[in-house]
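Chains A and B, in that order, give the protein sequences.
By this note's numbering, the letter at position 171 of the first sequence is numbered 171, and the numbering carries on one by one without gaps.
By this note's numbering, the letter at position 221 of the second sequence is numbered 221, and the numbering carries on one by one without gaps.
All residues carry an ideal CB built from backbone N, CA and C; glycine is no exception.
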Amino acid sequence: MSRPSPSLLSRVVIWVPYLWLLALFLAPFFIVFKISLSQTAIAMPPYTPTFGLSEGWEGLKNAFNSLSFDNYLWVFGDPLYVKAYLSSLKFAAISTVLALLIGYPLAYGMTRAPENLRTIFLMMVILPFWTSFLIRIYAWVAILKPEGLLNQFLLSLGIIKQPLIILNTDLAIYIGIVYSYLPFMVLPLYAALEKMDHSLVEAAQDLGCTPIKAFWKVTFPLSLPGVLAGSMLVFIPAVGEFVVPDLLGGSSTLMIGKTLWAEFFVNRDWPVASAVAILLLLILVLPIVYFQRVQAKARESEV
Amino acid sequence: MASLGSIRRDFAPWANPDEKPFIRFENVTKSFGSQTTAVDDLTLSIYEREFFVLLGPSGCGKTTLLRMLGGFEQPTSGRVLLDGQDLSGVPPYRRPVNMMFQSYALFPHMSVEKNIAFGLKQEGMPKAQIGERVQRMLKLVKLEKYASRKPHQLSGGQRQRVALARALAKRPKVLLLDEPLGALDKKLREETQFELMDLQQELGLTFVIVTHDQDEAMTMADRIAVMDAGKVLQVATPAEIYEAPNSRFVAEFIGNINIFDGQIVEKTGSAARIRDKSGTEFQIALGSNAQADGSAGLAVRPEKLQITRERPADAVNAIDGEVWDIAYMGDLTLYNLKLDDGRIIKISTINSRRRVEDALTWHDRAWVSFAPDAGVLLTR
Ligand SMILES: Nc1ncnc2c1ncn2[C@@H]1O[C@H](COP(=O)(O)OP(=O)(O)O)[C@@H](O)[C@H]1O
Ligand SMILES: [Mg+2]
């Protein structure tokens, strides 16, 4: 190529993010997808077939032909998996609603605070990210366990006579998920509320709305893109959450992240685990696509 | 003072002592924190059906004053009365007053129609009646074709009209407008000024409108309140403000003016003699400033001055200098005359004839003269 290099360079620069996506998202996806079509085997790696060129073209063709959707049928056939999916969706949905109920007033209060305090509040929201997620969840174990900080506190105040059993219950999972993902709810809500022109609320009041009515007629509808973004950012990772149910949940807690982990590391059934993972992805693609649509629409009407 | 200028219409409730003010600010002060006093012990009366303009430089407290009337700010001290009722503690949604915001504040998630209907819905007006009123409003602001558009699909001028229609839809007793024409280009602004005036006449409302544009204020107002630093300096008709400013600030804020600073050397009945820094003495009618004494300024508008090559034989007040600048504007010619002590005097003459024999030109010596009643005496 004897063309002057700037255009080549700029084309390369444009391609870098695509290559990045290809390498880090698409390639692993296809590897997992391929494993999900394989069968378990006592081998290294623990599934067949493996694709290799050692047996030539024939071998490759045989390997391809032996791929099947059996694992998916297996997952659908076993009520345990279906239950785990549904239960995960329930945990994620309720956690999202709770995070919204807590996060909205928080974000709203932050935007109404004096300007110099807002940055401090924002820092406080982001601050937990400075320590490891795992350690923070362990800290919740210390807080919630029967002889933990919360029970000691309540007992010493005489509010309760018996320690509350929170750890290893569903309640602990909700606390853990809401705590972990609250910043992802607060930040988009804050961004949406912050950029809103306060004179809109004043206009609504001028036209006869009480402050509460003005909130529901103007502030809330205009913050919906933030509500949606926050909800997605909480809901999507919460569905596949593993650490929180593992550390805070009980043995009977059914969440797909836990099932997935057990399938990989306890049963060493990589193909079924992969199928579970791929199905999880498909379940989550729907809300993501919907979210993208709404976002694009919101951007359109902002101009 | 009724003889000054022409009165736009036969309407002067402020001149009638029996007339009760519709809106009244009584010793209103508004402070933000300990440093900023946006409105400073201000007393002001506005009458029903008046087109009242608050005029002043940016930051002088106009918006704050308007917001106190709308209910968005509470006075730090003093009180605001509407139709005799103290408005303290009355929230915005219970005031029979509507505001058109500087930013228009149109609801971006609602169509033009919904925006206009918003206030009526809050009142609980029946649907059919709302539809009818909205249609009338759309017609009034000539936006019938845009009823279903969203605000972001409209031009600046159209948005301004939606905001106006929305504020008018509720038939408020008072319409507050905060720099309503600020975002429009010059031509549209001038058109809209007249539309606003017609609308106000037609609907018989009281308008209180904020602007920092003196031409806009002069064009539209029944009366103007000139504000500076949280205080009202003068409240008067546009003609009075122009012809009889009561202070240097008002005189200089509106139009062009020449001020000769000096000392009052003699007072005889209704006239005074003032000696300026160069030693020239001028005669001036005292007007309303009968108590004037000591140092004062003699203010004369450029069009009240005559410029001639020789000192006119009958001139009472005259001073000479060098023609420093000439600007031919078509209808007018503006001269800058440089006095011998360096001061520049602005003179404007009407070009009522196509040709002038022996016209003045750059660096000619010339005399500027004026009658004793051409100027006003300013003592502050
Ligand atoms: N909410 C506020 N907080 C603090 N200072 C304010 C506030 N609103 C107005 N001010 C101050 O009050 C003064 C008058 O403001 P404003 O009424 O907006 O002036 P104008 O409308 O004449 O330009 C300004 O100095 C402004 O900075
Ligand atoms: Mg203002």
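So which residues on chain A does residue i lean against when the C-beta distance must stay under 8 Å?
{"i": "glutamate 123 of chain B", "result": "Gly208"}
{"i": "proline 92 of chain B", "result": "Glu202, Gln205, Asp206"}
{"i": "phenylalanine 370 of chain B", "result": "The contacting residues do not exist; phenylalanine 370 of chain B stays about 49 Å from chain A at best."}
{"i": "lysine 170 of chain B", "result": "Leu207, Gly208"}
{"i": "phenylalanine 207 of chain B", "result": "Within chain A, no residue comes near phenylalanine 207 of chain B; the closest Cβ sits about 16 Å away, beyond 8 Å."}
{"i": "glycine 89 of chain B", "result": "Residues of chain A passing the Cβ test: none, with the nearest at roughly 15 Å."}
Chain B partners of residue i, CB-CB under 7 Å?
{"i": "proline 221 of chain A", "result": "His109"}
{"i": "leucine 200 of chain A", "result": "Ala105, Phe107"}
{"i": "valine 218 of chain A", "result": "Phe107"}
{"i": "aspartate 197 of chain A", "result": "Ser103, Ala105"}
Comparing alpha-carbon positions, which option in the options lies nearest residue i?
{"i": "methionine 329 of chain B", "options": "B:Leu339, B:Arg343, B:Ile284, B:Ile347", "result": "B:Ile347"}
{"i": "histidine 212 of chain B", "options": "B:Val53, B:Thr349, B:Asp373, B:Ile23", "result": "B:Val53"}
{"i": "proline 237 of chain A", "options": "A:Ser223, A:Phe215, A:Thr48, A:Met255", "result": "A:Met255"}
{"i": "arginine 49 of chain B", "options": "B:Glu19, B:Met68, B:Ser58", "result": "B:Glu19"}
{"i": "glutamate 115 of chain A", "options": "A:Tyr290, A:Glu194, A:Leu98", "result": "A:Glu194"}
{"i": "proline 372 of chain B", "options": "B:His152, B:Ala299, B:Ile209, B:Val208", "result": "B:Ala299"}
{"i": "glycine 226 of chain A", "options": "A:Leu157, A:Asn168, A:Ala113, A:Met185", "result": "A:Met185"}
{"i": "valine 265 of chain B", "options": "B:Leu334, B:Ile345, B:Thr280, B:Ile257", "result": "B:Thr280"}
{"i": "lysine 267 of chain B", "options": "B:Ser278, B:Gln283, B:Pro13, B:Phe253", "result": "B:Gln283"}
{"i": "asparagine 115 of chain B", "options": "B:Ser77, B:Lys139, B:Ala169", "result": "B:Ala169"}
{"i": "arginine 353 of chain B", "options": "B:His363, B:Trp362, B:Leu332, B:Ile345", "result": "B:Leu332"}
{"i": "leucine 86 of chain A", "options": "A:Ser54, A:Asp269, A:Gly257, A:Arg299", "result": "A:Gly257"}
{"i": "isoleucine 166 of chain A", "options": "A:Gly176, A:Ile159, A:Gly158", "result": "A:Gly176"}
{"i": "aspartate 340 of chain B", "options": "B:Glu357, B:Asp364, B:Asp41, B:Leu305", "result": "B:Asp364"}
{"i": "alanine 113 of chain A", "options": "A:Phe264, A:Tyr190, A:Pro45, A:Asn62", "result": "A:Tyr190"}
{"i": "leucine 378 of chain B", "options": "B:Asp314, B:Ile257, B:Thr349", "result": "B:Ile257"}
{"i": "leucine 393 of chain B", "options": "B:Asn27, B:Gly56, B:Phe32", "result": "This structure cannot speak to residue 393 of chain B, because chain B is shown only from 1 to 380."}
{"i": "alanine 285 of chain B", "options": "B:Gly375, B:Arg171, B:Glu202, B:Val90", "result": "B:Gly375"}
{"i": "glutamine 160 of chain B", "options": "B:Arg149, B:Leu140, B:Asn246, B:Leu184", "result": "B:Leu184"}
For residue i, which residues from the same chain have a beta carbon less than 6 Å from its beta carbon, with the 5 sequence-adjacent residues on both sides left out?
{"i": "asparagine 71 of chain A", "result": "Ser36, Pro271, Val272, Ala275"}
{"i": "threonine 259 of chain A", "result": "Ala84"}
{"i": "alanine 142 of chain A", "result": "Gly148"}
{"i": "proline 180 of chain B", "result": "Met100"}
{"i": "isoleucine 307 of chain B", "result": "Tyr335, Ile347, Ala366, Val368"}
{"i": "alanine 318 of chain B", "result": "Arg311, Trp367, Ser369"}
{"i": "valine 303 of chain A", "result": "Interpretation of valine 303 of chain A is limited by its pLDDT of 49, a score under 50 that renders its predicted location unreliable; the figure taken from the coordinates is listed afterwards. Excluding sequence neighbours, valine 303 of chain A sits near nothing in its chain."}
{"i": "methionine 196 of chain A", "result": "Leu222"}
Kindly list the residues whose CB is nearer than 8 Å to the CB of residue i, restricted to its own chain and excluding five residues on each side of it in sequence; keep chain order.
{"i": "isoleucine 130 of chain B", "result": "Ala117, Leu120, Lys121"}
{"i": "glycine 5 of chain B", "result": "Residue placement at glycine 5 of chain B is poorly supported in this model, since its pLDDT is 41, which falls under 50; the coordinates still yield a value, given next. So the list reads Thr237, Pro238, Ala239, Glu240, Tyr242, Glu243, once near-sequence residues are dropped."}
{"i": "serine 457 of chain B", "result": "One cannot answer for residue 457 of chain B here, as it falls past the ends of chain B, which runs 1 to 380."}
{"i": "cysteine 60 of chain B", "result": "Met227, Asp228, Ala229, Gly230"}
{"i": "leucine 248 of chain A", "result": "Ile137, Trp140, Val141, Leu144, Leu167, Asn168, Ala172, Ile173, Ile175, Gly176"}
State buried or exposed for residue i, treating a residue as buried only when at least 16 other CB atoms are found within 10 Å of its CB.
{"i": "asparagine 98 of chain B", "result": "buried"}
{"i": "methionine 100 of chain B", "result": "buried"}
{"i": "phenylalanine 51 of chain B", "result": "buried"}
{"i": "phenylalanine 194 of chain B", "result": "exposed"}
{"i": "proline 245 of chain A", "result": "buried"}
{"i": "arginine 166 of chain B", "result": "buried"}
{"i": "methionine 227 of chain B", "result": "buried"}
{"i": "valine 112 of chain B", "result": "buried"}
{"i": "alanine 172 of chain A", "result": "buried"}
{"i": "phenylalanine 25 of chain A", "result": "exposed"}
{"i": "leucine 250 of chain A", "result": "First, the amino acid is wrong: residue 250 of chain A is glycine here, not leucine. With fewer than 16 other Cβ atoms within 10 Å, it is exposed."}
{"i": "lysine 217 of chain A", "result": "buried"}
{"i": "aspartate 293 of chain B", "result": "exposed"}
{"i": "methionine 110 of chain A", "result": "buried"}
{"i": "leucine 207 of chain A", "result": "buried"}
Give the interface partners of residue i over in chain A, defined as CB-CB distance under 7 Å, in chain order.
{"i": "glycine 33 of chain B", "result": "Near glycine 33 of chain B there are no residues of chain A at all, since even the closest Cβ is about 11 Å away, more than 7 Å."}
{"i": "methionine 99 of chain B", "result": "Asp206"}
{"i": "glycine 70 of chain B", "result": "Asp206"}
{"i": "glycine 119 of chain B", "result": "Leu207, Gly208"}
Identify the contact partners of residue i in chain A, using a Cβ-Cβ distance below 9 Å as the criterion.
{"i": "methionine 137 of chain B", "result": "Going along chain A, no residue has its Cβ under 9 Å from methionine 137 of chain B, so there is no contact; the nearest lies around 13 Å."}
{"i": "phenylalanine 51 of chain B", "result": "Within 9 Å Cβ-Cβ: nothing; phenylalanine 51 of chain B doesn't reach chain A, min ~20 Å."}
CB of residue i to nearest heavy atom of ligand 4: below 7 Å?
{"i": "aspartate 331 of chain B", "result": "For ligand 4, the structure offers nothing, since it holds only ligand 1 and ligand 2."}
Whose C-beta lies closer than 7 Å to the C-beta of residue i among residues of the same chain, with five residues either side of it excluded?
{"i": "alanine 92 of chain A", "result": "Phe235, Ala238, Val239"}
{"i": "aspartate 314 of chain B", "result": "none"}
Counting only beta-carbon atoms, is residue i nearer than 8 Å to chain E?
{"i": "asparagine 246 of chain B", "result": "In the structure shown, chain E cannot be found, because the protein chains are A and B."}
| query | Counting by C-beta, which residues lie closer than 5 Å to a heavy atom of ligand 1, in chain order? | reply | B:Phe32, B:Thr36, B:Ala38, B:Ser58, B:Gly59, B:Cys60, B:Gly61, B:Lys62, B:Thr63, B:Thr64
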